[in-house]
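Take a look at the structure below.
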Amino acid sequence: MNNEKIKKYAIFIVSIFAAIVIIWQNNEDETPPAASIDAEDEADFFITKGQYTVFNEEGELSSIMKSDEAKHYPVRNNALLINPNLLVYREDNPPWRLTADKGEYSMGDENLTLTQNVVITRNEASENPWTLKTESLTLLNKTRFITTQQPVTISDNFSTLDGTGMNAWVDDKKIELTSNVRGNYAPE
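Residue numbering for the sequence shown follows my numbering, beginning at 3 and increasing consecutively.
Structure representation (structure tokens):
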């Protein structure tokens, strides 16, 4: 009888030990909440060295956007871009080139926001190219309007304009610096 008590006691101890091991193993398989990935933040595809071409309603070339890398996020229907390089075509005039370190392109409304080391170059093949530098801007591609609230520097071989905030109408060839405008003109 003493032997049977020992057997029951041993089975009880082994059962408790087995339950502890099973619970411990199940806890190891769980992903901690901080490491969980939200499906909305996942890219559904990516492109390296890609090109995206936009035509206007008449079928004429409107813009060509290239980037080293693009990741598309379906819930927001946008793409995050690395080193975007955009050519915006203007009737019979040379295109404007917009470059930056980063960009975000909204597929639905075709708006492009460029950030970090943003440069617009006009007439880049001419002897007197015109450049605009800022840290961020947004191109509304459908209306061909460019805007920023950031400091802007516009320069060519002879002059420099500094200001805060800018609006530009690509097709109308009009640029407006919105505040704190300073200029320097030094002809050769």
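C-beta atoms are modelled at their ideal positions from N, C-alpha and C, and glycine is treated no differently.
Keep in mind the model is a prediction, meaning the values are calculated, not measured.
query: What's the C-alpha gap between P189 and N85?
result: In a straight line, the C-alpha of P189 is about 34 Å away from that of N85.
message: My output table needs one value for E93: the three-state DSSP class, helix, strand or coil.
response: In the structure shown, E93 sits in coil (DSSP, three-state: anything other than H, G, I, E or B).
query: What does D164 pair with, by DSSP beta-bridge criteria?
result: Answer is T155 and R184, bridged to D164.
query: Thinking just about the alpha-carbon of each residue, which of E71, Y187 and E44 is nearest to the one in G52?
result: Among E71, Y187 and E44, the Cα nearest to that of G52 is on E71.
query: Should the stretch 62-81 be regarded as contacting the stretch 124-138, the criterion being three or more beta carbon pairs within less than 8 Å?
result: No: the two stretches stay apart, fewer than three of their Cβ pairs being nearer than 8 Å.
task: Give the straight-line distance between the Cα atoms of I122 and K104, rounded to the nearest whole angstrom.
output: So the two alpha carbons sit approximately 14 Å from each other.
task: On the DSSP bridge assignment, give the partners of G52 in chain order.
output: Paired residue(s): S69.
Beta-carbon spacing of V120, A102 below 8 Å: Yes, the pair counts as a contact, with Cβ atoms nearer than the cut-off.
message: Among E44, I8 and G185, whose alpha-carbon lies nearest the alpha-carbon of D164?
response: The candidate whose alpha carbon is nearest that of D164 is G185.
Secondary structure of E106, DSSP reduced to three states: E106: strand per DSSP, three-state reduction.
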